[in-house]
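Down below is the structure, laid out as structure tokens.
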Amino acid sequence: KQEVTQIPAALSVPEGENLVLNCSFTDSAIYNLQWFRQDPGKGLTSLLLIQSSQREQTSGRLNASLDKSSGRSTLYIAASQPGDSATYLCAAPWSGAGSYQLTFGKGTKLSVIP
Amino acid sequence: GAGVSQTPSNKVTEKGKYVELRCDPISGHTALYWYRQSLGQGPEFLIYFQGTGAADDSGLPNDRFFAVRPEGSVSTLKIQRTERGDSAVYLCASSLRPGGYNEQFFGPGTRLTVL
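Here the protein sequences come in this chain order: A and B.
Basically my numbering = 1-based index in the first sequence + 31.
Basically my numbering = 1-based index in the second sequence + 401.
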């Protein structure tokens, strides 16, 4: 069974700081890894998807890396802004699940203090 | 183009009642997933459709839960005899094709509250 863990569970940083969110998974047989953002009471917004053959993806101030062999992914946010405050979730479809459903972590709740 | 839509956005019901939650996937997407997210948790898989058929319903918690997708597009998640523990956000996602390499796109969710 695939398990996804996100550390830390919560993070508070001052505006302008660079930060890293961590995601680890127990089974490296994944197709890709997705990072999502979730605002309170809202659905999931996809931020980045890294295919299993890739090492990283970038979108604006966001950079996500993937190391399948160590079972880790990181989401780097540069020059954080108060608008970045949200819960960040990582998820991966595992080849051991025939329906390719995503296995999610519990998320990291980020607060960026003005 | 339009994304995944879900209706209603909020549903409040009483214990023991029947509810239906609707998902409209992105047009042309053949794969459709339902997930359930409890407070403070990540979403958990419920059921997967490939076309019209439920290819994997292993995540449904019990036989009070059922889902259909009769024409391979819109899907309805049905919950009978609701219990307070069913309160959660129900999320729907679709992808263009089946397969782990295809990105899943999520709807805004339906927040179900069972009193």
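Built from N, CA and C at the ideal position, the CB exists for glycine as well.
Note that the coordinates shown come from a computational prediction; the quantities given were computed from them, not determined experimentally.
With 16 or more other Cβ atoms inside 10 Å of its own Cβ, LEU79(A) counts as buried. Taking C-beta separations shorter than 6 Å and ignoring five residues to either side along the sequence, the partners of GLU415(B) in its chain run LEU516, following chain order. With respect to LEU64(A), ALA109(A) sits apart: the two C-beta atoms are not nearer than 8 Å.
Between GLY508(B) and CYS493(B), the C-beta spacing is below 8 Å. Taking 8 Å as the cut-off, the Cβ atoms of THR477(B) and LYS412(B) do not count as close. Per DSSP, ALA403(B) lies in no beta strand (DSSP E) segment and is marked neither H nor E. For ARG485(B), the three-state secondary structure derived from DSSP is helix. The Cβ atoms of SER59(A) and GLY102(A) lie closer than 8 Å to each other.
Using a CB distance cut-off of 8 Å, SER104(A) does not count as an interface residue toward chain B. In the three-state reduction of the DSSP assignment, GLY114(A) falls in the helix class. Rounded to the nearest angstrom, the gap between the Cα atoms of TYR107(A) and PRO444(B) is 23 Å. If you ignore the 5 residues before and after PRO145(A), its C-beta comes within less than 7 Å of the C-beta of GLU46, PRO113, all in its own chain and listed in chain order.
Remark: C-beta atoms of PHE67(A) and SER83(A) do not approach each other more closely than 8 Å. Two segments are said to touch when three or more pairs of C-beta atoms, one from each, lie closer than 8 Å; by this definition the stretch 93–102 of chain A does not touch the stretch 460–471 of chain B. Residues of chain B with a Cβ closer than 9 Å to the Cβ of SER77(A) are, in chain order, GLU504, GLN505, PHE506, PHE507. In this structure LYS99(A) is buried. Its beta-carbon is surrounded by 16 or more other beta-carbon atoms within 10 angstroms.
Chain-order list of chain A residues neighbouring GLN442(B): LYS137, by C-beta distance under 7 Å.
Look at the stretch 65–133 of chain A and you find no whole run of alpha helix (DSSP H) that is 4 residues long or longer. Under the three-state reduction of DSSP, THR453(B) is assigned to coil, being neither helix nor strand. One finds GLY74 in chain A with Cβ atoms closer than 7 Å to the Cβ of GLY510(B), taken in chain order.
ASP425(B) does not reach chain A, its nearest Cβ partner there being about 14 Å away, counting only Cβ pairs nearer than 7 Å.
Under the Cβ distance rule, TYR491(B) does not count among the residues neighbouring chain A, no pair being separated by less than 8 Å. In the displayed model, VAL420(B) falls within a strand according to three-state DSSP.
In this structure ILE427(B) is in contact with PHE506(B), their Cβ atoms being roughly 6 Å apart against a cut-off of 8 Å.
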